[in-house]
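As C-alpha cells, the structure follows; a few thoughts come after it.
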Amino acid sequence: MAVDEGLKIELGKQGVFVTTLQELYNWGRRSSVWPMNFGLACCAIEMIATTMARYDLARFGAEVFRPSPRQADLMIISGTVTKKMAPQVVRLYNQMGEPRYVIAMGACAISGGPFKQGYNVLKGIDRYIPVDVHIPGCPPRPEALLEAFMTLQKKIDAQHLTGEERPRHLDAEAPGMFPVPEQGEHDLEPPANKNVWTVPVVIR
Amino acid sequence: MSASETRLVGRDGAPVMDVDGDLLEVSMGPHHPSTHGVFRMDLALDGEKIVKLKPVFGYLHRNHEKLGEEHSYLASMPYTDRLDYICSLTNNWAYALAVEKLAGQEVPERAEYLRVILGELTRVQNHILSVGFLLQDMGASGTPLMYGFREREKILDLFESLTGSRMMCNYMRFGGCRVDASPAWLDGARAVVAALPAAVDELEALVCTNEILMARTQGVGVLPAELAINAGISGPVLRASGVNYDVRKVDHYGIYDRFDFKVPLGDHGDVYDRFMIRLLELRQSLRILEQALKDIPGGPVMDPKAKLRNFRPKAGEAYGRIEAPKGELGFYLISDGGPNPYRYRVRPPTLVNLTVLEDMCLGHNVADVVLILGSIDIVLGEVDR
Amino acid sequence: MKTVEEIKAAIEAAVPGAGVEVVPNPGPAAQHSLLLKPDTAVAVATFLRDDTELALDFLSNVTGVDWLDKEIAEKVKVTRTVAKTVDGQEQQVEETAEETQKRVEPGYLEVVYHLYSVAKKHGPVVFRMRTGNRTDMVELPSMTPVWRSAEFQEREVFDLYGVAFKGHPDLRRILMWEGFKDHPMRRDYVEPDDFDYEPTAHDEVLKRAQEHQAALAAQKGGGE
Numbered sequence: 324m325a326v327d328e329g330l331k332i333e334l335g336k337q338g339v340f341v342t343t344l345q346e347l348y349n350w351g352r353r354s355s356v357w358p359m360n361f362g363l364a365c366c367a368i369e370m371i372a373t374t375m376a377r378y379d380l381a382r383f384g385a386e387v388f389r390p391s392p393r394q395a396d397l398m399i400i401s402g403t404v405t406k407k408m409a410p411q412v413v414r415l416y417n418q419m420g421e422p423r424y425v426i427a428m429g430a431c432a433i434s435g436g437p438f439k440q441g442y443n444v445l446k447g448i449d450r451y452i453p454v455d456v457h458i459p460g461c462p463p464r465p466e467a468l469l470e471a472f473m474t475l476q477k478k479i480d481a482q483h484l485t486g487e488e489r490p491r492h493l494d495a496e497a498p499g500m501f502p503v504p505e506q507g508e509h510d511l512e513p514p515a516n517k518n519v520w521t522v523p524v525v526i527r
Numbered sequence: 021m022s023a024s025e026t027r028l029v030g031r032d033g034a035p036v037m038d039v040d041g042d043l044l045e046v047s048m049g050p051h052h053p054s055t056h057g058v059f060r061m062d063l064a065l066d067g068e069k070i071v072k073l074k075p076v077f078g079y080l081h082r083n084h085e086k087l088g089e090e091h092s093y094l095a096s097m098p099y100t101d102r103l104d105y106i107c108s109l110t111n112n113w114a115y116a117l118a119v120e121k122l123a124g125q126e127v128p129e130r131a132e133y134l135r136v137i138l139g140e141l142t143r144v145q146n147h148i149l150s151v152g153f154l155l156q157d158m159g160a161s162g163t164p165l166m167y168g169f170r171e172r173e174k175i176l177d178l179f180e181s182l183t184g185s186r187m188m189c190n191y192m193r194f195g196g197c198r199v200d201a202s203p204a205w206l207d208g209a210r211a212v213v214a215a216l217p218a219a220v221d222e223l224e225a226l227v228c229t230n231e232i233l234m235a236r237t238q239g240v241g242v243l244p245a246e247l248a249i250n251a252g253i254s255g256p257v258l259r260a261s262g263v264n265y266d267v268r269k270v271d272h273y274g275i276y277d278r279f280d281f282k283v284p285l286g287d288h289g290d291v292y293d294r295f296m297i298r299l300l301e302l303r304q305s306l307r308i309l310e311q312a313l314k315d316i317p318g319g320p321v322m323d324p325k326a327k328l329r330n331f332r333p334k335a336g337e338a339y340g341r342i343e344a345p346k347g348e349l350g351f352y353l354i355s356d357g358g359p360n361p362y363r364y365r366v367r368p369p370t371l372v373n374l375t376v377l378e379d380m381c382l383g384h385n386v387a388d389v390v391l392i393l394g395s396i397d398i399v400l401g402e403v404d405r
Numbered sequence: 690m691k692t693v694e695e696i697k698a699a700i701e702a703a704v705p706g707a708g709v710e711v712v713p714n715p716g717p718a719a720q721h722s723l724l725l726k727p728d729t730a731v732a733v734a735t736f737l738r739d740d741t742e743l744a745l746d747f748l749s750n751v752t753g754v755d756w757l758d759k760e761i762a763e764k765v766k767v768t769r770t771v772a773k774t775v776d777g778q779e780q781q782v783e784e785t786a787e788e789t790q791k792r793v794e795p796g797y798l799e800v801v802y803h804l805y806s807v808a809k810k811h812g813p814v815v816f817r818m819r820t821g822n823r824t825d826m827v828e829l830p831s832m833t834p835v836w837r838s839a840e841f842q843e844r845e846v847f848d849l850y851g852v853a854f855k856g857h858p859d860l861r862r863i864l865m866w867e868g869f870k871d872h873p874m875r876r877d878y879v880e881p882d883d884f885d886y887e888p889t890a891h892d893e894v895l896k897r898a899q900e901h902q903a904a905l906a907a908q909k910g911g912g913e
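Chains as they are written, first to last, in our numbering: chain R, 324 to 527; chain E, 21 to 405; chain A, 690 to 913.
If you want it as C-alpha cells, here you go:
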C-alpha cells in the first residue's frame, strides 16, 4: 500500500518520515545492484568504459563488479553467446543467488546480431534464461548501458512484495534452476528452453 | 563438466595426471576476471608451480571466416571491426590491403595518410589500454586503467567524429577511405596528439619505477628469440625478445617509408620488456602521428576507379598483412571471380602468440600466469574469430 | 629474393624426388605457390627453413581450403549404330552426334602455408599440399615439428576441415567442443535446422526458414 505523496511531503515537513516496507526494500535493492564481472565480447569493453570516470556507473550504486556469481545480483550478457559458451552462461546464472537480474547488452546477446547465421552462435540468450532488459546496439554506447540500469531500477521499484505479480525470489513456486543445455553432436540440446522462450509473433 | 573434458593430455597423448597423484588440476576460465574475455586454461599444478598448461579456445568462435565466405567483399568489412574489437581500424586496413592486392587497386595519397593517422591512433589507444589492463591484473585495481581509459576516450571521440562510431569504425574501403577528414578534425587530432606525451609521462611516472611492478615482472615469462621466431610470434612480444622485425619496416606497405621512426627492442624478453616495449612503441607512434598530421596532402580519399558494389575481383589469391598493434594481422583471400570470396582467412596474431604461453609459464607461480597472459595482450574476438 | 621457379630448382637439387609443382596465381597479386607431395613435404619444409639463402624461418599463416567435387560437362563426338528406316527399309546406320558427357573431377582438401624470413626479411613463399579426396584419404604431414607456429593453426584446420595431420603432437578439436561431429568450414556443411524465428530473413536463410515452417506445418497436420 503506497502512502499518499501529498501526505508524505506534509509529514516530512513535520520531521516525520513515512514509507512502506515495500518502498524501503525496493529502494535498497535498486540502489546497490552488484553486477557480475563477466565480459563476453566487444560489448564488454563498452561495459568497462561505462564503469570508468567519464560515464561513472558508480552514480547508480552499481560499480561493485563481483567476479563470483554468488556475490552478484546482475548479469550483464555483454556480447555474443556462442554455443560453446552457452552452457557456462546458464550455469553461472544458476549459481547466482536471488534476486537476480539479466541485462542482454547488444545485438548479439539479444538475437545473435550480425553473427546470427554462424554455426556456433546462439540466436539470443533469452532462449535459455529470462532477460529483464534488452539494449540494442553493436555495441551499445555507455549511455545506453546507463539507460538500461535506470530501466532496471524502475523495474525493481515497481515490484510488489506480495500477490501474483511478486518477483521470483519471493515466490517459492517459481523455478530457481534453469536446465543447462548439453553440447550434442551437431547442436545444443535442446536448442531452446521451451519454458523460458516461445517463438515471438512478428507483427508486420 | 565431465572428467574426460578436463583431463589434461600431454604432447605424447598420455594424461599428465598419472604421475603420482600429487598434481592439482585447475580449470581457469572461461569465466575469470583476468583472462581478458572467455579464455580458458587447463593447468596442472605442483603446489603453486605450473607443470602443464593447455589453453582451451573457442568460447568466442563466431564463425567469422564462414560468414566472410557467405557475404560479399564489402559486406565483410564491418565484420572485421569485430575481430580485435579494440583496434577496429587496423583490422579494416589489413582487410582493405589484402583486397587491394587481390584486385590490384591503388590508394590515393590522402587516404594513405589518413590510414596511417588512424592506424597509429589505434595503436596508441591499444597500448595504453593494454598497459592499464596489465597493471589491473597485477592487482593495481582501477587506477592505472582509469588513466588509460581517460586517454582512450579522447581518441575514441576522434574516431566517432570521423567515422560515426566509437569502436566499430568500418571506415576503410578498397581503394581508399569512406569519408574525408575535415580541417577541423585534423586540428582536433593535432591537439589530442600534442597532449598525449604528457599523459604518457604521467602514466610512466606512476608505474614504471614501482618496485612491486619490477619484482613481479622482471625475469618472469622469458621468451627466447629462437623459440619466438619458430613459433611465429609477432608484434611487441617478438620485439621484446630482441628480434628486429616490424612489418611496417619489412613490407613497406602504405607510406611508412616516409616517416622517421624507430623500432624499440627488448633485451630479456620478459614481461617487463613487453610492457616497456609497448610504452616505447607508443611514443614512436606519436612521432609518426606528428609527421603525418603535418604533411597530410589534399586530394581525393577514394580512388575514382574503385568499385564497391558488384565488386568481383578476377580469379586468384592474395595474402596481405600489416603490423597491427598486437602483431602481424593477415588476410588470405581466394577469389573464384564471384561476388563472394571463395576462401576468406584471417591470420590472427594473438592466436599464434598464444602458442608459447605454456613455454613461458612453466615453472612459474599461478599468479604469474595472469601476468604473462596479460603481457601477450590477447583479444578473444581475434583468437577465436 | 628467388622466384618460385628458382626455389623449385633449389628444392629439387636438395631433396631428390621431391616432385614440386608450381601453381600459378593468375591474379594481380602474383603470389605463385609450390605444390608439395605429402610424402616429401617435411623434408622440403626443413630445407626451406634451414637453407642459408632462403632462411624461411617464420611460418605466418596456415589455411585450409575445401575444393568440392567438380562436375565438368564436356562435348564429345560419339559414333553409334542406330536402326533407321531409310526408303521404307530398316537399316543399320552409323551416326555421329555431339553429346555432352559429365565427368566428375574428385574434390580435395588443401592446406596453404605462408612463409616469411625474419633473418633475410623477405617473403612470402607459399606452398600447399592436397589430400587424396575429401572423405577417407585426408591425411597430410604436420609442419608443427618444423615450425611451432603451425600447432594451433593446424588444429584449427583439423577441427573445421577435417584434415588429419600426421605427426602433430596434440591433434584435438580447438574451436568446437569435443564430441562435435561435423567440419563446419567445409562448403557442403549444413547448419542445424534452427530457423524458428527469422524476422528479417532473406536469400538462403529465407529459404531455410520457409522449409522449416513447411516441415513444422506438415508435422502438426500429421499429428492431429
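We put the beta carbon where it would ideally sit given N, CA and C, even for glycine.
Predicted, not measured: the structure shown is a model, and the values here were computed from it.
**Request:** Would you verify that the beta carbon of ALA23 of chain E is, or is not, closer than 8 Å to some beta carbon of chain A?
**Result:** Model confidence at ALA23 of chain E stands at a pLDDT of 41, short of 50, so the residue's coordinates are unreliable; what they give is reported in the following sentence. Not closer than 8 Å to any Cβ of chain A, the Cβ of ALA23 of chain E fails to qualify, so no.
**Message:** What does the alpha-carbon distance come out to for the pair VAL425 of chain R and ASP740 of chain A?
**Reply:** 59 Å
**Asked** For the 8 Å Cβ check, are there 3 or more pairs between the region 412 to 426 of chain R and the region 390 to 398 of chain R?
**Response** yes
**Residue closest to VAL366 of chain E, alpha-carbon to alpha-carbon, out of E:ASP287, E:ASN230, E:ALA114, E:MET234** = Of the listed residues, the one whose Cα sits closest to VAL366 of chain E is E:ALA114.
**Message:** Quick check on LEU73 of chain E: does DSSP put it in helix, strand or coil?
**Reply:** strand
**Prompt:** How is CYS381 of chain E classed by DSSP in three states: helix, strand or coil?
**Reply:** helix
**Message:** Only counting the same chain, and skipping five residues up and downstream in sequence, which positions put a Cβ closer than 6 Å to that of VAL731 of chain A?
**Reply:** Within the same chain, VAL731 of chain A has close Cβ partners PRO830.
**Request:** Assuming GLY384 of chain R contacts VAL356 of chain R (C-beta within less than 8 Å), just tell me the rounded distance between them.
**Result:** Confirmed, about 7 Å.
**Message:** Would ASP455 of chain R and TRP520 of chain R be called neighbours here (beta carbons separated by less than 8 Å)?
**Reply:** no
**Message:** Nearer than 7 Å: is that true of the beta carbon of ALA906 of chain A relative to any heavy atom of the ligand SAH?
**Reply:** Inclusion of the ligand SAH in the displayed structure is not the case, the ligand content being empty and no account of it being possible.
**Item:** Buried versus exposed call for LEU895 of chain A [16 or more other C-beta atoms within 10 Å across all chains shown]
**Value:** So LEU895 of chain A counts as exposed.
**Item:** When R:HIS457, R:THR405, R:PRO462 are compared against MET473 of chain R, the one with the closest alpha-carbon
**Value:** R:HIS457
**Message:** Looking at the secondary structure, which residues open and close the alpha helix (DSSP H) in which LYS855 of chain A lies?
**Reply:** Element bounds for LYS855 of chain A: not the alpha helix (DSSP H) but the beta strand (DSSP E), 853 to 855.
**Item:** Interfacial residues, the region 366 to 386 of chain R to chain E, with Cβ spacing under 8 Å
**Value:** ALA367, ILE368, GLU369, ILE371, ALA372, MET375, ALA376, ARG377
**Request:** Check the Cβ of ARG464 of chain R against every Cβ in chain E and list those closer than 8 Å, keeping chain order.
**Result:** ARG186
**Request:** Return the first residue and the last residue of the alpha helix (DSSP H) that HIS492 of chain R is part of.
**Result:** Premise fails: HIS492 of chain R is in no alpha helix (DSSP H) and is neither H nor E.
**Integer-rounded CB distance, given that VAL775 of chain A should sit under 8 Å from VAL782 of chain A** = So it is a contact: roughly 7 Å between Cβ atoms.
**Prompt:** Excluding sequence positions up to five away, which residues of its chain have a Cβ less than 8 Å from the Cβ of LEU334 of chain R?
**Reply:** PHE340, VAL341
**Prompt:** Which residues in the same chain as PHE169 of chain E place their Cβ atom closer than 8 Å to its Cβ, once the five residues preceding and following it in sequence are excluded?
**Reply:** Within the same chain, PHE169 of chain E has close Cβ partners LEU149, GLY152.
**Asked** Taking the DSSP output, what are the residues bridged to GLU788 of chain A?
**Response** A:VAL765
**Prompt:** Under the DSSP definition of a beta bridge, which residues are partnered with GLN238 of chain E?
**Reply:** Answer by DSSP bridge pairing: none, since GLN238 of chain E is not bridged.
**Item:** Inter-residue Cα distance where the pair is GLY435 of chain R and ASP892 of chain A
**Value:** 18 Å
**Message:** Using only the alpha-carbon positions, how far apart do TYR797 of chain A and TYR878 of chain A sit?
**Reply:** 15 Å
**Message:** In the DSSP output, what is ILE399 of chain R paired with across the bridge?
**Reply:** Beta-bridge pairing links ILE399 of chain R to R:ILE426.
**For GLU337 of chain E and LYS720 of chain A, the rounded distance between their alpha carbons** = According to the sequence shown, residue 720 of chain A is Gln rather than Lys. Approximately 7 Å, taken between the alpha carbons.
**Message:** Check whether the region 297 to 310 of chain E and the region 128 to 147 of chain E touch, using three or more Cβ-Cβ pairs below 8 Å as the test.
**Reply:** Yes: at least three Cβ pairs fall under 8 Å.
**Asked** Could you give the uninterrupted runs of the alpha helix (DSSP H) lying entirely in the region 324 to 380 of chain R, keeping only those of 4 residues or more?
**Response** The DSSP assignment places complete alpha helix (DSSP H) segments of no fewer than 4 residues inside the region 324 to 380 of chain R at 328 to 336, 344 to 353, 365 to 374, in order along the chain.
**Asked** Is TRP866 of chain A helix, strand or coil when you go by DSSP?
**Response** coil
**Prompt:** Using the beta-carbon count (16 or more within 10 Å), is GLN411 of chain R buried or exposed?
**Reply:** buried
**Request:** Take PRO513 of chain R and list the residues in its own chain whose beta-carbon comes closer than 6 Å to its own, dropping the five residues that flank it on each side.
**Result:** none
**Request:** Give the residues from the region 885 to 906 of chain A that approach chain R closer than 7 Å (Cβ to any Cβ), ordered along the chain.
**Result:** ASP885, TYR886, PRO888, VAL894
**Through-space distance from ASP746 of chain A to ALA23 of chain E, alpha-carbon basis** = With a pLDDT of 41 at ALA23 of chain E, under the threshold of 50, the modelled position of that residue is not reliable, and the figure given next carries that caveat. If I take the Cα positions, the gap works out to 39 Å.
**Prompt:** Tell me, which residues are paired with SER355 of chain E by DSSP?
**Reply:** E:GLY336
**Asked** Helix, strand or coil for ILE275 of chain E per DSSP?
**Response** coil
**Message:** Among the candidates E:ASP66, E:LYS174, E:VAL199, E:LYS69, whose CA atom is the shortest distance from the CA of ALA131 of chain E?
**Reply:** E:VAL199
**Item:** Three-state secondary structure assigned by DSSP to GLY184 of chain E
**Value:** coil
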